[in-house]
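With the first letter of the sequence shown counted as 1, position 187 gets the number 187 in the UniProt record's numbering; the numbers rise by one all the way through.
Note that CB positions come from ideal geometry on N, CA and C, so glycine has one too.
Right, one structure below, let's go through it.
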Amino acid sequence: MPYFQLPAITDPERYDIVVFEYPGDRDDLRPTVISNYVKRCIGLPGDTIEIIDKVVFINGEEAWIPPHIQYVNPYVTPKGVANPRIFPKGANFNEDNYGPVVVPKKGDVIKLSTENIEQWRTIIDREFGRRVVTIEGDKIFIDGKEISEYTIQKDYYFMLGDNRDDSADSRFWGFVPRDKVIGEAFMIYWSWDPSIPFSDFFKLLGSVRVNRIAKLVH
């Protein structure tokens with residue numbers, strides 16, 4: 001998918017369709033495979049994101065609904081039924097009833113405790129570029145120094161896929177730092193059914209979505 005490179009002085013705006021480098025699975029220091037993802041930017045630094053019965057709220061207001069959004073599963077996972085794969089680790093959230101979470105922004109001071117450190121461990125480790133968080137009893141250490149708070153070093157974004165019921169996005173692997181954002185997507189240059197393996201080439205070829213090729217994304 002072609003994209004506009006965002007200049008250093010330009011930040012993603014809410015509802016932009018953004019190309020970014022996948023930050024890695026929820027608990028990973030870095031991704032095992034470098035790949036680019038395309039998702040819609042829902043949360044900006046400092047925003048509060050909440051999903052209630054599949055409806056997205058930003059700072060307490062219902063979010064704009066993209067024209068091509070898809071829901072393939074009519075079932076709504078009830079609030080309080082935790083998905084163990086959800087971000088942040090240990091949260092009592094699921095993909096349909098999520099949050100609220102506050103998207104971190106540079107300069108935020110996070111009070112840390114043994115109760116919430118697992119929610120912040122990966123972000124802190126990634127900002128250092130190595131594993132620096134350790135716990136000894138009821139004490140938390142960052143890079144060998146005992147701490148009770150941490151200052152966020154980067155701006156982050158919350159990304160959601162428009163295919164909400166079948167999307168690996170910030171609900172599962174967390175926030176995307178600004179330095180992982182590559183650009184803004186603007187056109188679909190190829191589209192087929194990704195669930196069909198390349199070994200079944202003719203079936204895959206038959207799944208090409210001609211009506212979507214060369215369409216602008218919005």
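Contact check, residue i vs residue j, beta carbons under 8 Å
i: residue 46; j: residue 103; result: yes
i: residue 86; j: residue 152; result: no
i: residue 106; j: residue 155; result: yes
i: residue 79; j: residue 169; result: no
i: residue 12; j: residue 18; result: yes
i: residue 29; j: residue 179; result: no
i: residue 37; j: residue 31; result: no
i: residue 139; j: residue 146; result: yes
i: residue 25; j: residue 41; result: no
i: residue 143; j: residue 128; result: yes
i: residue 159; j: residue 132; result: no
i: residue 119; j: residue 88; result: yes
Where the beta strand (DSSP E) through residue i begins and ends
i: residue 178; result: Residue 178 -> no beta strand (DSSP E), and no H or E assigned at all.
i: residue 100; result: 98-102
i: residue 141; result: 139-142
One or two residues paired with residue i in a DSSP bridge
i: residue 39; result: 18
i: residue 87; result: The partner list for residue 87 (beta bridge, DSSP) is empty, contrary to what the question assumes.
i: residue 163; result: 70
i: residue 151; result: 109
i: residue 50; result: 57
i: residue 10; result: Looking at the DSSP assignment, residue 10 forms no beta bridge with any residue, so it has no partner.
i: residue 135; result: 140
i: residue 62; result: 57
i: residue 145; result: 142
Extent of the continuous alpha helix (DSSP H) to which residue i belongs
i: residue 158; result: First-last for residue 158: 156-160, but that is the beta strand (DSSP E), not the alpha helix (DSSP H).
i: residue 128; result: 117-128
Assess, as a yes-or-no matter, whether the region 106-116 is touched by the region 73-81 under the definition of 3 or more beta carbon pairs within less than 8 Å. no
Contact the region 56-73 vs the region 156-168: 3+ CB pairs below 8 Å:
yes
* To do: Count the CB pairs spanning the region 43-63 and the region 95-102 that are closer than 8 Å, and state whether there are at least three.
  => yes
Could you check whether the region 32-46 touches the region 78-93, counting it as contact only if at least three pairs of C-beta atoms, one from each stretch, sit closer than 8 Å?
With the cut-off at 8 Å, the region 32-46 and the region 78-93 do not touch.
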